[in-house]
Amino acid sequence: MKTDIGDSRPRPRWKQWLIKQLDLTSQCTEDLMEDLQRANEKNLLPGEMAGMLQGVLEFGALQVRDIMVPRSQINFIYHEDNFTQILARIAQTEHSRYPVVDEDRDDLVGVLLAKDLLKYSGRESEFQIDDIIRPALIVPESQRLNRLLTEFRRTRNHMAVVIDEYSGISGLVTFEDVLEQIVGDIDDEHDDKEDVSSNIVPQGDGRFIVEAMTPIDEFNSILGTTFDTNEFDTIAGIIIHELGKIPRQGDELVLDGWLFRVLSSDSRRILLLEVLPNIDCHISEQTPAL
Numbered sequence: 001m002k003t004d005i006g007d008s009r010p011r012p013r014w015k016q017w018l019i020k021q022l023d024l025t026s027q028c029t030e031d032l033m034e035d036l037q038r039a040n041e042k043n044l045l046p047g048e049m050a051g052m053l054q055g056v057l058e059f060g061a062l063q064v065r066d067i068m069v070p071r072s073q074i075n076f077i078y079h080e081d082n083f084t085q086i087l088a089r090i091a092q093t094e095h096s097r098y099p100v101v102d103e104d105r106d107d108l109v110g111v112l113l114a115k116d117l118l119k120y121s122g123r124e125s126e127f128q129i130d131d132i133i134r135p136a137l138i139v140p141e142s143q144r145l146n147r148l149l150t151e152f153r154r155t156r157n158h159m160a161v162v163i164d165e166y167s168g169i170s171g172l173v174t175f176e177d178v179l180e181q182i183v184g185d186i187d188d189e190h191d192d193k194e195d196v197s198s199n200i201v202p203q204g205d206g207r208f209i210v211e212a213m214t215p216i217d218e219f220n221s222i223l224g225t226t227f228d229t230n231e232f233d234t235i236a237g238i239i240i241h242e243l244g245k246i247p248r249q250g251d252e253l254v255l256d257g258w259l260f261r262v263l264s265s266d267s268r269r270i271l272l273l274e275v276l277p278n279i280d281c282h283i284s285e286q287t288p289a290l
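In structure tokens, the structure reads:
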């Protein structure tokens, strides 16, 4: 008579512990989630274990689109950018990896790692972006997170570019984003617990320094404005539409009582804005005509 090998194997310690502590008569994932919640409320599980186990159970049902950073919030590097422009972008955003695109943002060239720029220190004139661009890991919005985690481990990538059904770039997802679905939020050295947005930095005198690619709904939420989010995704889109051109450094525009001044731009896009209440507008509203 053959012995069932599967039945003879000892259970892993974590399974033995769960069986001892919990009533595992659950017939579905929802029942098991409730069991874990009750165990957590009774302090049967040490530390953050209940939350992590719940994260594991939910993990397989999540898709990349559920956790990705949307396209409007991606900090791109452009293939034609020079060494100085790339350094300025990295100094502003402080990320370690950037998708590199041509003028059309759906034309993905690859990924640039900030650390790869170090070898050009002191010899910037030799910089060639093609020498340091790495292949990008590309995944569809519908990919399950458990499969993406496997891809990250197999390819040793830490970031993937997400594409939609038309092969256009729709977002980004990182290894950290995936891991946080199990263990909870992970704070790194660039996380600012005091500022709600790193895209909008108050200056203390009523002025704000604003990333031009800041989503409009984020801008409205922080500054209390009511700009329409239906036609454009970012503040840059509104500015370019109103001026009818790509603004240059120093160009100004008044919208809804706010003065927008371009601090940094190139031939294709706005990079950084200074935003402040328009004093002339407020004076004219408060001073009656003579």
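Per UniProt numbering, residue 1 is the first one in the sequence shown, and the count goes up by one each step. Here a beta-carbon is modelled for each residue, glycine too, at the ideal position from N, C-alpha and C.
Same chain only: Cβ atoms within 8 Å of residue i, ignoring 5 sequence neighbours per side
i	result
Ala114	Ile90, His95, Ser96, Arg97, Tyr98
Asp217	Thr229
Leu87	Leu117
Ile163	Ile138, Val139, Pro140, Glu141, Ile169, Ser170
Thr225	Phe219, Asp256, Trp258
Pro277	Gly206, Gly257, Trp258, Leu259
Leu243	Asp251, Leu253
residue 295	An answer regarding residue 295 cannot be provided, because it is not within the stretch 1 to 290 covered by the chain.
Ser167	Asp106
Sheet register partners of residue i (DSSP bridge)
i	result
Glu151	Paired residue(s): none; Glu151 is not in a bridge.
Ser265	Ile270
Gln63	Arg144
Thr234	Pro215
Leu223	The partner list for Leu223 (beta bridge, DSSP) is empty, contrary to what the question assumes.
Gly171	Pro70, Val162
Arg134	Val111
Val201	Ile209
Val275	Phe208, Phe260
Glu252	Arg261
Val178	Looking at the DSSP assignment, Val178 forms no beta bridge with any residue, so it has no partner.
7 Å Cβ cutoff met for residue i and residue j
i	j	result
Ser170	Glu126	no
Thr155	Leu179	no
Phe208	Val262	no
Ile200	Ile235	no
Phe76	Val101	yes
Leu112	Ala212	no
Cβ-heavy atom distance, residue i to the ligand PLP, below 6 Å
i	result
Gly110	The ligand PLP is not part of this structure, which contains no ligands at all.
Chain-order list of residues whose beta-carbon lies under 6 Å from that of residue i (same chain, five-residue window excluded)
i	result
Arg65	Glu141
Ile132	Asp116
Met159	Arg97, Thr174
Asn177	Reading the sequence as shown, one finds Asp at residue 177 and not Asn. Taken in chain order, the residues that qualify are Ile67.
Leu232	One point to set straight first is that residue 232 is Phe, not Leu, in the sequence displayed. Correct list, in chain order: Ile238.
Asp81	none
Val210	Ile200, Leu273, Val275
Val69	Gly171, Leu172
Neighbourhood of residue i by C-beta distance below 7 Å, restricted to the same chain and skipping five residues each side
i	result
Ile239	Pro247, Leu253, Phe260, Ile270
Arg71	Ile169, Ser170, Gly171
Thr93	Asn75
Asn157	Leu137
residue 291	This structure does not reach residue 291, given that the chain is present from 1 up to 290, and the question cannot be answered.
Glu124	Phe83
His190	The pLDDT assigned to His190 is 48, lower than 50, so where the model puts this residue is not dependable; a value taken from the coordinates is nonetheless given after this. Taken in chain order, the residues that qualify are Glu94.
His241	Phe232
*Would you say the segment 144–152 touches the segment 101–108, given that touching needs at least three Cβ pairs under 8 Å?*
Flag = no, the segment 144–152 and the segment 101–108 do not touch.
*Runs of alpha helix (DSSP H) wholly within the UniProt domain "CBS" (68–127) (minimum 4 residues, chain order)*: The alpha helix (DSSP H) runs of length 4 or more contained entirely in the UniProt domain "CBS" (68–127) are, from start to end of the chain, 83–93.
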